[in-house]
Amino acid sequence: GVNLEKGLEMRKWVLSGILASEETYLSHLEALLLPMKPLKAAATTSQPVLTSQQIETIFFKVPELYEIHKEFYDGLFPRVQQWSHQQRVGDLFQKLASQLGVYRAFVDNYEVAMETAEKCCQANAQFAEISEVPLFYVSIAFFSTALLYKPVDRVTRSTLVLHDLLKHTPVSHPDHPLLQDALRISQNFLSSINEEITPRRQSMTVKKGEHRQLLKDSFMVELVEGARKLRHVFLFTDLFLCAKLKKQIGGKSQQYDCKWYIPLTDLSFQMVDESEAVPNIPLVPDEELDAMKIKISQIKNDIQREKRANKGSKVIERLKKKLSEQESLLLLMSPNMAFRVHNRNGKSYTFLISSDYERAEWRENIREQQKKCDFSLTSVELQMLTNSCVKLQTVHNIPLTINKEDDESPGLYGFLNVIVHSATGFKQSSNLYCTLEVDSFGYFVNKAKTRVYRDTTEPNWNEEFEIELEGSQTLRILCYEKCYNKMKLTKEDGESTDRIMGKGQIQLDPQALQDKDWQRTVISMNGVEVKLSVKFTSREFSLKRMPSRKQTGVFGVKIAIVTKRERSKVPYIVRQCVEEIERRGMEEVGIYRVSGVATDIQALKAAFDVNNKDVSVMMSEMDVNAIAGTLKLYFRELPEPLFTDELYPNFAEGIEKSCRPGNHAQWFGFYVFVLIFP
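Residue numbers (the UniProt record's numbering): 1 to 678.
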């Protein structure tokens with residue numbers, strides 16, 4: 001009984017989908033037919049735009065296709081409205097399949113229709129003009145793609161839908177034999193069409209009985225002639241397809257444009273020609289990205305405030321639009337790690353991603369698939385494949401936080417302390433280090449890196465990092481072999497890279513992390529196990545400054561006491577750290593963003609506190625991120641912020657005004673906030 005109910009429900013769901021897509025298809029055919037009437041009327045006058053013969057050739061069988069589908073739609077609609085287990089629809093599908101001869105005639109005439117339309121366009125400026133007037137919704141470009149692909153694609157979709165419908169129709173149901181018949185006719189029609197439209201190919205086709213499947217898809221930023229473009233990338237069992245989401249006009253469903261594709265048999269990660277120039281990646285300064293993040297946080301606060309005040313939805317919609325624009329900009333501008341793919345027959349393409357974890361995942365998936373694929377694709381199949389991306393995609397929304405469902409977890413805000421203890425399971429001695437990534441503002445970023453542990457199968461790093469979380473839900477860890485030997489370096493993407501030995505991730509569960517104690521965990525990744533401890537401090541607690549009675553040292557001591565003692569306007573610790581960062585940190589990516597090793601920071605803190613004379617020697621041997629971390633810690637531990645409690649409200653108001661669009665004071669505001677109100 002339950003299965004019967006479920007099947008009934010599924011059939012209704014499939015049929016509702018058919019009705020919706022039939023409606024769209026009928027509107028496409030209507031758009032094609034719109035210019036017919038005025039053109040026919042003109043054909044009988046002394047100044048015809050096109051002759052009757054030309055009109056007949058260009059619009060051959062389109063009116064008949066419209067009639068067939070109108071009849072099908074009008075028949076199906078009331079039956080779905082009065083849905084029940086007894087309801088039959090098989091006769092409608094069988095009749096539709098029996099009329100595929102009209103499609104046959106349409107396809108046979110297609111080439112002549114195209115030639116005629118193009119000739120008329122060149123010879124007759126008036127027709128060219130008509131064919132671009134929005135009133136007629138039809139241009140020669142529309143003819144050349146829509147006229148063939150829309151109808152043929154329709155049959156392909158009907159065939160897929162018939163599969164779905166049969167799957168949920170019991171064999172005993174009177175519809176079953178009719179639907180089977182309709183499916184058989186449609187499949188025969190499609191295979192005959194594809195063979196004819198396809199020029200004979202030398203290359204192997206996808207093995208018999210194996211259908212092309214989507215393995216993985218995601219949004220990525222492509223570098224096109226120095227500009228960053230958002231793309232949706234699809235990995236199928238035999239090809240890698242890069243598509244662009246078309247602009248949506250008036251609530252129409254999504255559509256994709258194929259920008260390019262590479263058969264997996266021709267895809268490589270090596271440069272085709274070693275002398276090929278690696279494109280320069282246009283980097284966006286950290287402070288600009290930080291200004292965007294501040295803006296996003298501000299807009300989110302505004303939305304919450306308006307919701308609490310029960311303001312009209314128009315205000316909230318306007319804010320959401322602003323939020324979407326800012327988040328899209330951040331998503332486009334932030335990644336700067338190259339992921340290059342090359343077509344052995346020529347062109348290379350560069351994507352920019354922010355996470356080495358994802359880059360490695362894409363490479364692994366592609367290499368795995370390359371071992372077992374053959375390839376063949378006709379232009380019609382490519383068009384159909386691109387159209388089917390909408391139905392097949394697994395990633396439906398651009399990864400912006402605004403696209404999250406309301407009931408999804410907003411993630412954690414605050415500080416995550418992570419100790420990377422040790423790792424086991426390496427087969428041979430090598431130089432090993434780890435990096436940590438967390439998701440922030442909807443995408444993953446590298447936040448910390450351990451030192452390299454030399455010549456070992458069991459590294460013991462025991463390093464602690466403090467990572468700022470901005471709406472994070474996942475912590476990722478990657479383990480690398482450091483390649484010092486230039487000869488052994490793997491050349492990938494045309495650049496030297498250390499080898500990833502393993503990667504894994506854990507979900508940051510707010511419930512489990514609330515109890516403020518260290519929690520040990522083990523991450524397993526292809527045979528390697530890494531031991532970690534994590535501890536979370538929420539933002540409310542991390543922002544509280546503790547009043548200090550301390551008078552010696554510099555950390556936690558009022559700035560006036562330190563400067564008076566040192567007889568200077570700026571504390572020695574600030575001068576030393578800034579000079580060292582400027583001396584050798586200006587080439588580093590994310591000086592203040594990437595966490596330094598906590599033990600190094602504590603060592604520097606202790607040295608400054610006891611006025612150690614060797615502090616500059618210590619600093620010269622330390623990672624520049626540890627020095628930046630020490631400076632941040634100094635400002636964070638001041639008993640009163642640099643911009644005092646009294647002046648805070650005025651300052652916050654000033655920042656808000658300076659963050660209006662187009663004002664470059666934005667980034668300044670961020671740095672002051674990070675270093676002075678951390």
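A virtual CB, placed ideally from N, CA and C, is assigned to each residue, including glycine.
Keep in mind that this is a model prediction, so the values were computed, not measured.
Got a sec? Which residues, its chain only, sit under 8 Å from residue i by beta carbon, not counting five neighbours each side?
{"i": "residue 709", "result": "There is simply no residue 709 to check, as the chain begins at 1 and stops at 678 in what is shown."}
{"i": "His163", "result": "Leu183"}
{"i": "Gln326", "result": "Met292, Lys295, Ile296 and Ile299"}
{"i": "Phe99", "result": "Position check: residue 99 holds Gln in this sequence, whereas Phe was assumed. Answer for Gln99: Ile68, listed in chain order."}
{"i": "Lys320", "result": "Ile303 and Ile402"}
{"i": "Glu22", "result": "His69, Phe72, Tyr73 and Leu76"}
{"i": "Gln505", "result": "Tyr357, Thr474, Leu475, Arg476, Ile477 and Ile523"}
{"i": "Gln187", "result": "Thr159"}
{"i": "Ser409", "result": "Gln473 and Pro510"}
In angstroms with no decimal places, state the Cα-to-Cα distance between residue i and residue j.
{"i": "Val452", "j": "Tyr484", "result": "11 Å"}
{"i": "Phe651", "j": "Asn301", "result": "18 Å"}
{"i": "Ser27", "j": "Thr401", "result": "34 Å"}
{"i": "Arg212", "j": "Ser191", "result": "15 Å"}
{"i": "Leu166", "j": "Leu15", "result": "12 Å"}
{"i": "Val224", "j": "Val112", "result": "37 Å"}
{"i": "Gly585", "j": "Gly629", "result": "13 Å"}
{"i": "Val341", "j": "Leu267", "result": "7 Å"}
{"i": "Glu640", "j": "Val438", "result": "31 Å"}
{"i": "Tyr572", "j": "Glu566", "result": "8 Å"}
{"i": "Leu633", "j": "Glu9", "result": "60 Å"}
{"i": "Thr159", "j": "Ile18", "result": "11 Å"}
{"i": "Ser52", "j": "Thr45", "result": "11 Å"}
{"i": "Val89", "j": "Arg79", "result": "8 Å"}
{"i": "His85", "j": "Val2", "result": "13 Å"}
{"i": "Arg154", "j": "Tyr25", "result": "8 Å"}
{"i": "Val557", "j": "Tyr592", "result": "23 Å"}
{"i": "Met645", "j": "Leu638", "result": "Note that residue 645 is Asp in the sequence shown, not Met. Near 12 Å, if we compare the C-alpha coordinates of Leu638 and Asp645."}
{"i": "residue 710", "j": "Phe441", "result": "Residue 710 falls outside the range modelled here, since the chain spans only 1 to 678, and no answer is possible."}
{"i": "Gln81", "j": "Tyr110", "result": "37 Å"}
{"i": "Lys482", "j": "Lys427", "result": "15 Å"}
{"i": "Gln602", "j": "Arg308", "result": "42 Å"}
{"i": "Gln576", "j": "Ser620", "result": "11 Å"}
{"i": "Arg11", "j": "Glu287", "result": "54 Å"}
{"i": "Ala41", "j": "Cys120", "result": "17 Å"}
{"i": "Leu235", "j": "Val615", "result": "53 Å"}
Is the beta carbon of residue j closer than 8 Å to that of residue i?
{"i": "residue 702", "j": "Ile294", "result": "With the chain covering only 1 through 678, there is no way to say anything about residue 702."}
{"i": "Tyr261", "j": "Cys389", "result": "no"}
{"i": "Tyr480", "j": "Asp498", "result": "yes"}
{"i": "Met36", "j": "Phe59", "result": "yes"}
{"i": "Asn365", "j": "Leu215", "result": "yes"}
{"i": "Ala512", "j": "Pro459", "result": "no"}
{"i": "Ala626", "j": "Leu647", "result": "no"}
{"i": "Met618", "j": "Ala607", "result": "yes"}
{"i": "Leu50", "j": "Ala43", "result": "yes"}
{"i": "Val562", "j": "Leu631", "result": "no"}
{"i": "Ile477", "j": "Val534", "result": "no"}
{"i": "Glu64", "j": "Val107", "result": "no"}
{"i": "Val554", "j": "Asp509", "result": "no"}
{"i": "Ser568", "j": "Phe444", "result": "no"}
{"i": "Ser472", "j": "Leu377", "result": "no"}
{"i": "Gly7", "j": "Pro170", "result": "yes"}
Near residue i, what residues of its chain come up, given a Cβ to Cβ distance below 6 Å and the 5 sequence neighbours on each side ignored?
{"i": "Thr450", "result": "Val420, Tyr433, Cys434, Trp461 and Glu463"}
{"i": "Asn397", "result": "Asn403"}
{"i": "Glu539", "result": "In the sequence as presented, Glu is not what sits at residue 539; that position holds Arg. Excluding residues within five positions, the ones whose Cβ falls inside 6 Å are Tyr413 and Gly414."}
{"i": "Leu392", "result": "Leu214"}
Who are the Cβ neighbours of residue i in its own chain at under 7 Å, not counting the five residues just before and after it?
{"i": "Asn526", "result": "Gly502"}
{"i": "Pro263", "result": "Asp238, Leu239 and Phe375"}
{"i": "Cys258", "result": "Leu241, Ala243, Leu382 and Thr386"}
{"i": "Val624", "result": "Ile581, Arg584, Gly585, Glu588 and Ile591"}
#### Entry: Minimum length 4: unbroken alpha helix (DSSP H) runs contained in the UniProt domain "PH" (213–371)
286–308, 313–333 and 356–370
### Task
Ignoring anything shorter than 4 residues or poking outside the region 41–115, list the alpha helix (DSSP H) runs there in chain order.
Within the region 41–115, the alpha helix (DSSP H) runs of at least 4 residues that lie entirely inside it are, in chain order, 52–58, 62–81 and 90–98.
### Task
Indicate whether the contact test is met: 3 or more Cβ pairs, each with one atom in the region 422–432 and one in the region 464–473, closer than 8 Å.
no
### Task
Would you mind listing the beta strand (DSSP E) stretches within the UniProt domain "C2" (396–523) that are 3+ residues and don't spill past its ends, in chain order?
Entirely contained in the UniProt domain "C2" (396–523), the beta strand (DSSP E) runs reaching 3 residues are, in chain order, 412–424, 430–440, 443–449, 453–456, 460–472, 474–481, 490–492, 495–497 and 499–507.
### Message
Tell me whether the region 41–59 and the region 91–98 touch, counting them as touching only if at least three CB pairs, one residue from each stretch, are closer than 8 Å.
### Response
Touching, no, given that fewer than three Cβ pairs across the two stretches are closer than 8 Å.
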